[in-house]
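In what follows, a structure is listed as structure tokens, so that the remarks can point back to it.
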Amino acid sequence: MNFDLIDISIIFGYILLSILIGFWISKKASKSLQNYFLGGNKLKWYFLGLSNGSGMFDISGTTWTVTIFFVYGLKSVWIPWLWPVWNQIFIMIFMAIWLRRSNVMTGAEWITTRFGDKEGGKLSHIIVVVFAIISAIGFIAYFFVGIGKFAVTIFPWDLSFQIGSIHFISEYVYATILLSLTTIYVIKGGMYSVVATEVMQFFVMTIACIAVAWFAMHKVSAEQITAAVPDGWFSMMPTWKTSLDWSGIFDQVNDKIAEDGFGMLGALVMMMFFKGIFSSLAGPVPGYDMQRVLSTKNPRDAAKMSGLTSLVLYPPRYLMVAGLGILGLVLVAPMMKAGGGEIDFEKILPYVINNLLPVGLKGIIMAGLLAAFMSTFSAFVNAAPAYIVNDLYKKYINPNAPSKKYIHISYISSIAIVVVGIIFGFFSDSINSLTLWITSSLYGGYVAANVLKWIWWRFNGYGYFWGMLAGLLASTIKFLFFPHTPDIYLFPIILLMASAGSFLGCLFTKPVDDEILIEFYKNVRPWGWWGPIHKKAQKIYPNITKNKDLARDGFNVVVGIVWQMTLIVAPIYLVVRHYNGLIISAVLFVITSLILKFNWLDKIKDYEKI
């Protein structure tokens, strides 16, 4: 591919600007661990919301989303329920408030406020750190595969080389270079650097998304889209069977549907909903999303930040996804079919950029996608070392070291995690396989213990440790011995193993000390089975009240999921020119927004006076 000077200038100018911002802000970050990992809890909630949304707009996820949109059409909006995408709604409605009331630095440190600092508490603390590190390594491998596939198709230079018998292909070399450049500014600037660059990256991405949607709508007509897809492609409803037959249009797509394991879409949506409820009640995994929540000034800001995340993430992202998708369907699919041989559908996005975008727009979209990659990757690189430094080194090895020592250890930790993630990336050839393992297997093992920690007073650190360990072992067994079985269908088995570990570990050991439970309950005030602790807390704090918001929170979650779905489908309907769907989505968005305004936003409780 031949780049015009304008495109090259835009791309390298953006990369240079990101690195410069990281170094420029680095002085603020180096003052303390609180500044380095949480921005001193002085960052505005709307900046954190833009940062969080930008951090979720990753290039691997965008590549995957374009692929499933190409293959499944409007039905593809259900497939991200694998994560599930609406866990952000649970965080927005109540989980962010509960988390922020704890006033801690990391998810692992939060665990000690729930289970104490004795043996059970220490075991639960260590297992969260282990999970956070494994999760970060898995995501770095995921980013490595995605950016490598993207870069090797886009950039014209062959960077492959050989050392002895080991051959390093261009895909891996490009990925290593881009991961290394991003790591530099994250290490130097910490959370301040991450948020500042991600806010800048959000605006770059939004401009790129709007530009791609505009170009696609002018390049491809509604009639051309209809002619390029099978019957049912425009239908959003998740029928029991996918019912998309690409025979005679693009036969290889039928093989892709079979390979993905999404043929029984109705069953898949039911399974994803079942998994999603548990996953969302568990709260955010120990990573960048949790760090944003803990970085806010107060619980109310944490809730607003989480709500803003969905609002700024989905409309621009799906403008780009739909634009790239229809360009791929109408203009790239014929080239892919004519090429013959094995087709990698995960390269649809770079194919479109390579062959269709004009000078200038190509540079903008490249900068936007690099922004998407760098923002998400930087969020993980900032979050994971916090667990190593604050929850391992500071807690168990050197508790009285100066701040500069901790920050230097963080530099080393960041580099080590990135290196290990890259090594894992070398052995993972598919974005889809990594996506399914992370969402269904790895997170499946996280669910049981992390739901129980919120809602049941009797649950203790031993139960948490054995539940998390059983879940991690189950997900690892799946990864090693059942690699071709769709992960989502094994979720119930992984959940059962993790639940067994949780209950057995808990019931054969003593409860957490009353003092710890009373203090946790006083600060966080979750709903659930906390009756005995509430009675004990009343003796110390006579005016303490129960959380009676379960019904309202549940109703708001359902409304919030509908609200979020309108943010996803509305831009798609706009780009494919299905205006009836766009109008219905817009009306539902207004109605759900009003309900959330009066039944959620106006009723957020910050810190309660006791």
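So the sequence shown is numbered by our numbering: it starts at -4 and just counts up by one. The beta-carbon is built from N, C-alpha and C at its ideal position, and this holds for glycine as well.
DSSP state of residue i mapped onto helix, strand, coil
| i | result |
| --- | --- |
| residue 244 | coil |
| residue 524 | strand |
| residue 156 | strand |
| residue 19 | helix |
| residue 235 | coil |
| residue 451 | strand |
| residue 601 | coil |
| residue 89 | helix |
| residue 396 | coil |
| residue 547 | helix |
| residue 530 | helix |
| residue -1 | coil |
| residue 65 | helix |
| residue 112 | coil |
| residue 97 | coil |
| residue 382 | helix |
| residue 403 | helix |
| residue 9 | helix |
Buried versus exposed call for residue i [16 or more other C-beta atoms within 10 Å across all chains shown]
| i | result |
| --- | --- |
| residue 316 | buried |
| residue 97 | buried |
| residue 230 | exposed |
| residue 353 | exposed |
| residue 524 | exposed |
| residue 61 | buried |
| residue 510 | exposed |
| residue 152 | exposed |
| residue 222 | exposed |
| residue 553 | exposed |
| residue 196 | buried |
| residue 70 | buried |
| residue 296 | buried |
| residue 114 | exposed |
| residue 90 | buried |
Whole-angstrom C-beta distance between residue j and residue i, which should lie under 8 Å
| i | j | result |
| --- | --- | --- |
| residue 204 | residue 363 | 7 Å |
| residue 217 | residue 572 | 4 Å |
| residue 92 | residue 600 | 7 Å |
| residue 236 | residue 260 | 7 Å |
| residue 43 | residue 291 | 6 Å |
| residue 324 | residue 164 | No, residue 324 and residue 164 are not in contact; Cβ-Cβ is about 29 Å, not under 8 Å. |
| residue 210 | residue 318 | 7 Å |
| residue 278 | residue 393 | That pair is no contact at about 30 Å. |
| residue 166 | residue 46 | Not confirmed; about 29 Å, so no contact. |
| residue 289 | residue 95 | 7 Å |
| residue 234 | residue 48 | Actually they do not touch by this definition, with Cβ atoms about 32 Å apart. |
| residue 128 | residue 379 | 6 Å |
Alpha-carbon to alpha-carbon, residue j and residue i
| i | j | result |
| --- | --- | --- |
| residue 3 | residue 146 | 14 Å |
| residue 333 | residue 242 | 16 Å |
| residue 214 | residue 385 | 52 Å |
| residue 135 | residue 51 | 13 Å |
| residue 534 | residue 120 | 30 Å |
| residue 330 | residue 159 | 37 Å |
| residue 78 | residue 495 | 23 Å |
| residue 359 | residue 11 | 15 Å |
| residue 550 | residue 54 | 33 Å |
| residue 249 | residue 240 | 7 Å |
| residue 327 | residue 562 | 27 Å |
| residue 538 | residue 397 | 42 Å |
| residue 276 | residue 64 | 28 Å |
| residue 410 | residue 382 | 14 Å |
| residue 575 | residue 583 | 12 Å |
| residue 80 | residue 451 | 26 Å |
| residue 198 | residue 404 | 33 Å |
| residue 517 | residue 421 | 48 Å |
| residue 58 | residue 506 | 47 Å |
| residue 512 | residue 83 | 27 Å |
C-beta neighbour in chain B for residue i, strict 8 Å
| i | result |
| --- | --- |
| residue 233 | This model lacks chain B altogether, as it is built from one protein chain only. |
Closer than 7 Å: residue i CB and nearest the ligand NAD heavy atom
| i | result |
| --- | --- |
| residue 65 | The ligand content of the structure shown is nil, which means the ligand NAD is not present either. |
Check: At which residue ranges does the stretch 243 to 323 contain complete alpha helix (DSSP H) runs of 4 or more residues, listed in the order of the chain?
Finding: 247 to 255, 260 to 276, 283 to 290 and 294 to 322
Note to self: For a minimum of 4 consecutive residues, which ranges assigned as the alpha helix (DSSP H) are wholly contained in the stretch 473 to 520?
What the structure shows: 482 to 502 and 509 to 519
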